[in-house]
Amino acid sequence: RGWQNGRAGGQTTWMPTHLSKTRKHRGHVSAGHGRVGKHRKHPGGRGLAGGQHHHRTNFDKYHPGYFGKVGMRHYHFTRNAHLERIINVDKLWTLVPKEEKEGVNADSDIVPVIDTLGAGYTKVLGNGLFPKLPCIVKARFVSARAEAKIKEAGGVVKLIA
1 RGWQNGRAGG
11 QTTWMPTHLS
21 KTRKHRGHVS
31 AGHGRVGKHR
41 KHPGGRGLAG
51 GQHHHRTNFD
61 KYHPGYFGKV
71 GMRHYHFTRN
81 AHLERIINVD
91 KLWTLVPKEE
101 KEGVNADSDI
111 VPVIDTLGAG
121 YTKVLGNGLF
131 PKLPCIVKAR
141 FVSARAEAKI
151 KEAGGVVKLI
161 A
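Residues 1 to 161 in UniProt numbering are what the sequence shown lists, from first letter to last.
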């Protein structure tokens with residue numbers, strides 16, 4: 001009973017029969033759907049049509065603020081103008097290649113240079129533990145805590161523009 005044929009191409013569609021009580025309309029030619037149109041087409045328009053016209057009460061009640069504008073448009077708005085990609089001191093040594101890491105110890109003369117800007121980071125923050133190994137850290141911005149940890153390990157911080 002729930003299936004109805006009659007679509008173009010012989011497709012079948014599911015019809016929720018519990019919504020329309022078809023048995024009650026037996027013997028009444030067009031079953032409460034008029035005569036000429038025969039319950040077809042889209043009497044209220046398709047989709048969200050008429051939100052400001054014949055469906056206005058529904059839109060006002062259930063979708064307030066759907067229509068209209070708010071605020072002003074910023075013409076030359078640069079969304080990420082002040083974006084700073086950060087790296088914490090505990091991740092700094094991941095920027096050093098493996099070959100360079102192997103030769104470094106607490107009293108070595110040659111120390112690795114960690115260029116954070118070259119790796120895409122602008123700011124170094126002081127979260128986490130920094131290994132007690134000397135290194136030269138080049139960065140655009142360094143927090144006070146990060147600088148203290150790097151210097152405590154015997155390293156140097158170089159600010160670059």
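Beta carbons: idealized from backbone N, C-alpha and C, even for Gly.
query = Quick check: the stretch 37 to 47 against the stretch 72 to 81, are there 3 or more CB pairs under 8 Å?
reply = No contact exists between the stretch 37 to 47 and the stretch 72 to 81.
task = Let me know the secondary structure DSSP gives residue 139 once reduced to three states.
result = Residue 139 falls in the strand class under three-state DSSP.
inquiry  = Just to confirm my understanding: we take residue 106, look at its own chain, exclude 5 residues before and 5 after, and list those with CB closer than 8 Å. What are they?
reply    = Taken in chain order, the residues that qualify are 132, 133, 134, 154.
task = Rounded to whole angstroms, what's the CA-CA distance from residue 51 to residue 77? Just pull it up for me.
result = Cα to Cα, the separation comes out at about 32 Å.
ask   = Residues in its own chain within less than 6 Å of residue 143 by CB, not counting five upstream and five downstream?
value = Same-chain partners within the cutoff: 125, 126.
key: Continuous beta strand (DSSP E) stretch holding residue 60: start and end   = No beta strand (DSSP E) holds residue 60; the alpha helix (DSSP H) holding it covers 56 to 62.
ask   = Can you check whether the CB of residue 104 is closer than 8 Å to the CB of residue 136?
value = No, Cβ-Cβ distance for residue 136 and residue 104 is not below 8 Å.
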